[in-house]
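Notes follow once the structure below has been shown.
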Amino acid sequence: MSQTRLLALVGSLRAGSFNRQLAEAAAQTAPEGVQVDIFSGLGDIPFYNEDIDVPGQVPAQATALREAVTAADGLLLFVPEYNGTIPAALKNAIDWASRPYGAGSIKEKPIAVISASISQNAAKWSHGDTVKAAGIAGGSVVESAHLHFGTIGQRFADAHPREDAEALTQLAAAVRELVEVVAARVNA
Ligand SMILES: Cc1cc2nc3c(=O)[nH]c(=O)nc-3n(C[C@H](O)[C@H](O)[C@H](O)COP(=O)(O)O)c2cc1C
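Be aware that the sequence shown starts at -10, since it is given in the working numbering, and climbs by one per residue.
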């Protein structure tokens, strides 16, 4: 099989984001033949607006996102929870990737949702809302590749997730599940 490309979108924009660290750790677990890229610039994409989603006016950052999603075989969405739901930056990215209606770059893209927050709930509401939005946007959500990380403030305060053997094992399994879905589609 040729190189499988997964794209990670991280719903937290802060430099020290644990979700971003989890994305970095996931990239590290990618087996040979699988590449995980973390999209940078999510926070630079203007809010979705149908008035500017017209040929010649689509912001460059939104076009970059769409092209990156199109080029990917699957998506890893890393999502914290903000006030009980999905952070705006990630929702905005899903909205841009969902259009043109019925033909957005996210269409039929296998997607794993990985949530992480400081609470014991592990951002479960945000996880659920991300699954809902990504699915309605046209993505193909891969439940078996989902993960939930709770109490990340304590767990990863002193050590990057790449130093956490259990986290690495879980992330590797999620990447593997997503790649298997991608491979099954290629061979179908
Ligand atoms: C505006 C805001 C709202 C938050 N709301 C929640 C919440 O509803 N549930 C939760 O578990 N954590 C909440 N948190 C805490 C996040 O889980 C915590 O900041 C987490 O580390 C964010 O992920 P990051 O490390 O990737 O930035 C909130 C944080 C912020 C900044």
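Glycine included, each C-beta is placed from N, C-alpha and C at the ideal position.
State the start and end residues of the unbroken alpha helix (DSSP H) segment that holds residue i.
i, result
"ARG(-6)", "Looking at the DSSP string, ARG(-6) is not in any alpha helix (DSSP H); the run it does join, the beta strand (DSSP E), is -7 to -1."
"TYR159", "The question names Tyr, but residue 159 is Gln in the sequence shown. Note, GLN159: alpha helix (DSSP H), 154 to 176."
"THR52", "49 to 60"
"LEU31", "Careful: LEU31 lies outside any alpha helix (DSSP H) and carries neither H nor E."
"GLY142", "141 to 144"
"ILE125", "113 to 125"
"ALA15", "7 to 18"
Among the options, which residue has its Cα nearest to the Cα of residue i?
i, options, result
"VAL58", "SER133, PRO20, PRO99, VAL47", "PRO99"
"THR158", "ALA16, LEU79, SER1, LEU(-4)", "ALA16"
"VAL168", "ALA146, THR18, GLY30", "THR18"
"ALA163", "ALA14, ILE75, GLN(-8)", "ALA14"
"VAL68", "ARG174, GLY117, GLU132", "GLY117"
"GLY73", "LEU64, ILE34, ILE107", "ILE107"
"LEU65", "ASN8, ARG151, LEU2, GLU155", "ASN8"
"GLN(-8)", "ALA61, GLU56, GLU132", "ALA61"
"VAL23", "ALA177, ALA161, ARG174", "ALA161"
"ALA146", "GLN10, LEU(-5), ARG(-6)", "GLN10"
"PRO76", "ALA49, ARG88, TYR90, SER115", "SER115"
"SER87", "ALA172, ASN38, ALA154", "ASN38"
"SER133", "GLU166, SER6, PRO35", "GLU166"
"ARG151", "VAL(-1), ARG(-6), ALA12, PRO20", "ALA12"
First and last residue of the beta strand (DSSP E) that includes residue i?
i, result
"VAL68", "63 to 68"
"VAL23", "23 to 27"
What does residue i pair with, by DSSP beta-bridge criteria?
i, result
"LEU136", "ILE103"
"VAL130", "ILE100"
"THR74", "TYR71"
Which whole-angstrom value is the C-beta distance of residue i and residue j, which I expect to be below 8 Å?
i, j, result
"ILE27", "ALA(-3)", "5 Å"
"VAL131", "ALA105", "Not confirmed; about 18 Å, so no contact."
"VAL175", "GLY63", "With a Cβ gap of about 11 Å, VAL175 and GLY63 do not count as contacting."
"HIS149", "ILE103", "Contact doesn't hold; Cβ gap of about 16 Å is too wide."
Exercise. How do the region 125 to 136 and the region 79 to 88 stand: do at least 3 beta-carbon pairs fall below 8 Å, yes or no?
Worked result: yes
Exercise. On the three-pair Cβ rule with 8 Å, is the region 135 to 143 touching the region 107 to 118?
Worked result: yes
Exercise. If we count Cβ pairs, one from each stretch, closer than 8 Å, do we get three or more for the region 73 to 80 versus the region 38 to 58?
Worked result: no
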